[in-house]
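Structure, as structure tokens:
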Amino acid sequence: MSADGAELPPLVEPGPELTPEQIARYRRQITLAQIGTLGQRRLRAASVLVVGAGGLGSPALQYLAGAGIGTLGIVDDDLVDVTNLHRQVVHGMDALGRPKADSAAAAVARINPEVAVRIHRERVGPDTVVELMRGYDVVLDGTDNFATRYVVADASEITGVPVVWGAILRGHGQVSVFWPGRGAHYRDVFPEPPAPGEAPSCAEAGVLGTLPGLLGTIMSTQVIQLITGTGSPLVGRLLLWDEATSTTRTLRIAPDPERAPATRVEIPAAADPSCRIGGPSPEETLQAAQLRELLGRADAGPEGTVRGEVTLVDVREPWEFAAGAIDGAVNVPLQQVLDGGAAALPRGDDVVLYCQGGVRSARALERLRPDWALREGRLRHLDGGYQAWTAPSEG
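Per our numbering, the very first residue in the sequence shown carries number 17; after that it's consecutive.
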């Protein structure tokens, strides 16, 4: 049932009769009146695409596999990193450096060998997303970037495939279901992405590992309800969770009558790093390899001082700096840069800013840009931040 009281039909027609082994495996689930053998047959016939095998996708994949979903698609182009493990529990230490899609697929196979797994080692993009989603009954969007969320949302409206969506910022979580023609669309609720830096990623803002576990489990429940036509999925509603107070609120959300339905997949300019107005230009951006080359031409100064003619400024918090930094960098936390401008920095004409992932350094650059307009020298930031600097080099 949707927020307006309308009955929601099951997404999937029942598959073949269950075998005795399947009845035994799913008995505790089949015992529920709202599931029964008919609901279990729907689950066995269903195909679900999980976009992102990270914090939200990890618990969702495990519980959907356990529930007996017939086919799970896993799309992710990232590799497992040690910083993922506290919250992305589908991966273990033995998976470090492996593609997340492969690691998650192996975990699904361990949980339930009956589940067919399709691996998509790719980033969801405007050119491929429509064809990709047409092969599934429902999509679970567990991504952590706005560009992909808008891409998935537009493809949902074009294909008619419903999306179970979730998002996390520090101690707050949100979950909703966007089903074209039956409730609000993602763009109705979020017409434009936030300004750069206003909604940092988990790497930038931090997250307690249990929060994505909770939200991902709620999302998997929404998927099961949609497939079986049971319960009251969050169609036309937005669930808000506050970790600090352990409280929830549910808001009604409605379609925007002024918004034209999506007919093509588009990434809003503010969500696309390649065309952000006010963001770092190509001339203001260094890749990790370029910075290594630049520093290789400079004489290394004593620890904590300017390295040759290049002033490296780490705008992360002191505890992050203490845990690991680029040799010769000076720590000036972002807030000091925002408050003091160029006066907060050590002296130097060629300044390279960096943070953990590139978001905070981009904000610092935007704040400092007016100060550099009247002086000689260069102001740049490291694309991808310290994560890019410490990542294994290709080749």
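For every residue, glycine included, the Cβ atom is placed at its ideal position computed from N, Cα and C.
{"Item": "Just the Cα atoms here: how many angstroms apart are cysteine 291 and glycine 374?", "Value": "Low local confidence applies: a pLDDT of 43 at cysteine 291 is under 50, so the model's placement there is unreliable, and no value is given."}
{"Item": "Alpha carbon to alpha carbon, how far is alanine 304 from valine 5? Give it in angstroms, no decimals.", "Value": "Nothing in the structure corresponds to residue 5, since the chain is present only between 17 and 411."}
{"Item": "Do leucine 395 and glutamate 300 count as a contact pair if the criterion is CB distance below 9 Å?", "Value": "yes"}
{"Item": "Among the candidates Asp170, Pro115 and Thr406, whose CA atom is the shortest distance from the CA of alanine 278?", "Value": "Asp170"}
{"Item": "If you compare alpha carbons, which of Leu254, Ala183 and Ala200 is closest to valine 223?", "Value": "Ala183"}
{"Item": "So the candidates are Arg363, Arg139 and Asp94; which of them puts its Cα closest to the Cα of threonine 116?", "Value": "Strictly speaking, residue 116 in this sequence is lysine, with threonine absent from that position. Of the listed residues, the one whose Cα sits closest to lysine 116 is Asp94."}
{"Item": "Which residues in the same chain have their Cβ closer than 7 Å to the Cβ of aspartate 366, if we skip the five residues on either side of it in sequence?", "Value": "Glu325, Val326, Thr327, Gly393 and Arg394"}
{"Item": "When we look at the beta-carbon of phenylalanine 272 and count the other beta-carbons within 10 Å, is it buried (16 or more) or exposed?", "Value": "According to the sequence displayed, residue 272 carries aspartate and not phenylalanine. So aspartate 272 ends up on the exposed side."}
{"Item": "Rounded to a whole number of angstroms, what is the C-alpha to C-alpha distance between glycine 229 and arginine 383?", "Value": "36 Å"}
{"Item": "Among Gly86, Gln50 and Gln78, which one has its Cα closest to the Cα of valine 64?", "Value": "Gly86"}
{"Item": "Is the distance from the Cβ of arginine 134 to the Cβ of isoleucine 90 below 9 Å?", "Value": "yes"}
{"Item": "For the putative contact between isoleucine 243 and proline 26, defined by C-beta atoms under 8 Å, what is the C-beta separation to the nearest angstrom?", "Value": "7 Å"}
{"Item": "Out of Leu350, His107, Val67 and Arg126, state which residue places its alpha-carbon closest to the alpha-carbon of tyrosine 152.", "Value": "Val67"}
{"Item": "Report buried or exposed for glutamate 37, applying the criterion of at least 16 other Cβ atoms within 10 angstroms of its Cβ.", "Value": "exposed"}
{"Item": "So, using beta-carbon positions, are glycine 247 and glutamine 241 closer together than 9 Å?", "Value": "yes"}
{"Item": "Between which two residues does the alpha helix (DSSP H) containing leucine 230 stretch?", "Value": "226-244"}
{"Item": "Let's test the definition: count the other Cβ atoms within 10 Å of the Cβ of histidine 107 and tell me whether it reaches 16, buried, or not, exposed.", "Value": "buried"}
{"Item": "Do isoleucine 269 and leucine 254 count as a contact pair if the criterion is CB distance below 9 Å?", "Value": "yes"}
{"Item": "Roughly how many whole angstroms lie between the Cα atoms of arginine 376 and glutamine 190?", "Value": "24 Å"}
{"Item": "Where does the unbroken alpha helix (DSSP H) through glycine 189 begin, and where does it stop?", "Value": "Glycine 189 -> not in any alpha helix (DSSP H); beta strand (DSSP E) instead, spanning 188-194."}
{"Item": "In whole angstroms, give me the CA-to-CA distance for proline 142 and isoleucine 174.", "Value": "12 Å"}
{"Item": "For arginine 323 and arginine 186, what's the separation of their Cα atoms in angstroms?", "Value": "At arginine 323 the pLDDT is 46, less than 50, meaning the model places this residue with poor confidence and gives no usable figure here."}
{"Item": "According to DSSP, is serine 63 helix, strand or coil?", "Value": "strand"}
{"Item": "If you drop the 5 nearest sequence neighbours on each side, which residues of the same chain put their C-beta closer than 7 Å to that of threonine 159?", "Value": "Val67, Gly68 and Arg165"}
{"Item": "Please say whether alanine 380 and valine 329 have beta carbons closer to each other than 9 Å?", "Value": "yes"}
{"Item": "Pick from Glu23, Gly52, Gly401 and Arg44: whose alpha carbon is nearest that of glutamate 33?", "Value": "Gly52"}
{"Item": "Taking the straight line between their C-alpha atoms, what separation do you get for glycine 356 and threonine 406?", "Value": "29 Å"}
{"Item": "What is the DSSP secondary structure of glycine 73, counted as helix, strand or coil?", "Value": "helix"}
{"Item": "Let me make sure I understand the geometry here. Which of Gly84, Val193 and Glu259 has the alpha-carbon closest to that of leucine 250?", "Value": "Val193"}
{"Item": "Would a C-beta distance cut-off of 9 Å place glycine 71 and glycine 176 closer than the cut-off?", "Value": "no"}
{"Item": "Check whether the Cβ atoms of proline 284 and glutamate 208 lie closer than 9 Å to each other.", "Value": "yes"}
{"Item": "Using only the alpha-carbon positions, how far apart do glycine 344 and valine 368 sit?", "Value": "12 Å"}
{"Item": "Please classify arginine 265 as buried or exposed, where buried requires at least 16 other C-beta atoms within 10 Å of its C-beta.", "Value": "exposed"}
{"Item": "Round the Cβ separation of arginine 275 and arginine 203 to the nearest angstrom and send it over; I've been treating them as touching at under 8 Å.", "Value": "6 Å"}
{"Item": "Going by the CB atoms, is the gap between alanine 339 and asparagine 347 shorter than 9 Å?", "Value": "no"}
{"Item": "Assuming valine 353 is part of the alpha helix (DSSP H), what are its boundary residues?", "Value": "350-356"}
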